[in-house]
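**Q** Got a structure here, written out as structure tokens. Questions coming.
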């Protein structure tokens with residue numbers, strides 16, 4: 117009953133999230149596919165709880181579900197980061213945001229994972245799967261830096277949308293660099309801890325829907341952004357005053 121009730125709870129929560137997303141459709145279906153991949157990822161611990169396979173040797177059906185879910189989830193997070201980046205920096209390059217383009221990209225992601233993950237499991241080359249968890253790191257960093265740099269110039273984007281984009285990017289970075297990447301690095305040393313960290317990642321992804329819809333999160337992001345802006349403005353004013361003092365001293369010395 118334990119694994120069954122756990123599965124029913126997860127199914128209910130993901131169904132609610134998908135329903136809310138369909139009521140408020142966004143620029144691309146990557147969020148829905150991310151939830152689906154996370155649900156597939158969570159099927160493995162349910163089978164491990166049911167004692168159908170040893171989690172210390174994830175090379176069977178559970179291993180396929182687990183690594184397939186982790187890889188597809190990470191790929192769709194990368195798609196979301198790229199979509200948010202192009203929305204700010206290159207609004208005209210909206211192929212990745214259109215329905216046909218996003219479906220094509222999603223089909224490529226599913227096809228690549230369906231071919232590579234089971235093949236790596238069957239050939240007992242699980243280490244090669246770890247490569248797929250490292251390549252998004254430079255993309256995440258470059259996209260966040262590029263978005264922050266281009267954000268002031270994006271005058272056509274409302275301020276609320278800008279705050280939600282920054283919140284989404286920071287949440288994805290926190291999830292990847294704090295949970296997923298360290299868990300993969302520690303997988304060969306402390307397997308139980310790394311698996312627990314990876315399994316926390318899908319629940320953090322549910323918070324993305326808070327940044328995609330209008331609500332109390334907007335007030336929180338507005339307060340945070342205003343605090344950052346005020347700090348930046350105070351620093352700028354301090355620098356200006358220092359420059360003015362220096363110029364006045366230079367004038368006095370010349371006199």
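Numbering (the numbering used here), first residue to last: 117 to 371.
Just so you know, even glycine gets a beta-carbon here, dropped at the ideal spot from N, CA and C.
Helix, strand or coil: how does DSSP classify residue 375 here?
**A** Here the chain comprises residues numbered 117 to 371, so residue 375 is not present and cannot be evaluated.
**Q** Using CA coordinates, which residue listed in 198, 307, 212 and 178 is at the minimum distance from residue 163?
**A** 178
**Q** Put residue 272 into one of helix, strand or coil per three-state DSSP.
**A** coil
**Q** Using C-beta distances below 8 Å, list every residue in its chain close to residue 181, excluding the 5 sequence neighbours before and after it, in chain order.
**A** 156, 157, 159, 160 and 163
**Q** For residue 229 versus residue 192, is the C-beta spacing smaller than 7 Å?
**A** no
**Q** Does the beta-carbon distance from residue 215 to residue 262 come in below 7 Å?
**A** no
**Q** Secondary structure at residue 240, three-state DSSP: helix, strand or coil?
**A** coil
**Q** If you compare alpha carbons, which of 277, 186 and 270 is closest to residue 207?
**A** 270
**Q** Please report the Cβ distance between residue 314 and residue 186, rounded to the nearest whole angstrom; I am assuming they are in contact, meaning their Cβ atoms lie under 8 Å.
**A** 6 Å
**Q** Where does the unbroken alpha helix (DSSP H) through residue 254 begin, and where does it stop?
**A** For residue 254, the enclosing alpha helix (DSSP H) starts and ends at 252 to 266.
**Q** Hey, could you find the ends of the alpha helix (DSSP H) residue 375 is sitting in?
**A** Because the chain spans 117 through 371 in this model, residue 375 falls outside it and cannot be assessed.
**Q** Tell me the residue span of the alpha helix (DSSP H) that contains residue 147.
**A** 146 to 157
**Q** Given that a residue counts as buried once 16 or more other Cβ atoms are within 10 Å of its Cβ, and exposed if not, what is residue 247?
**A** exposed
**Q** Contact between the segment 219 to 237 and the segment 279 to 296 is defined here as three or more beta-carbon pairs at a separation below 8 Å; is this criterion met?
**A** no
**Q** Work out the CA separation of residue 188 and residue 235 for me, nearest whole Å.
**A** 15 Å
**Q** Taking the alpha-carbon positions, what's the residue 311 to residue 299 distance?
**A** Each residue's Cα considered, the two are about 7 Å apart.
**Q** What's the gap between the Cα of residue 195 and the Cα of residue 146?
**A** 7 Å
**Q** Just curious, the alpha helix (DSSP H) that residue 307 is in, first and last residue?
**A** First-last of the alpha helix (DSSP H) with residue 307: 307 to 321.
**Q** Could you give the distance in angstroms between the alpha-carbon of residue 211 and the alpha-carbon of residue 217?
**A** If you take the alpha carbons of residue 211 and residue 217, they lie about 5 Å apart.
**Q** Let me confirm a value: residue 199 is counted as buried when at least 16 other C-beta atoms fall within 10 Å, else exposed. Which label applies?
**A** buried
**Q** Going by CA-CA distance only, name the one from 250, 308 and 278 that's closest to residue 202.
**A** 278
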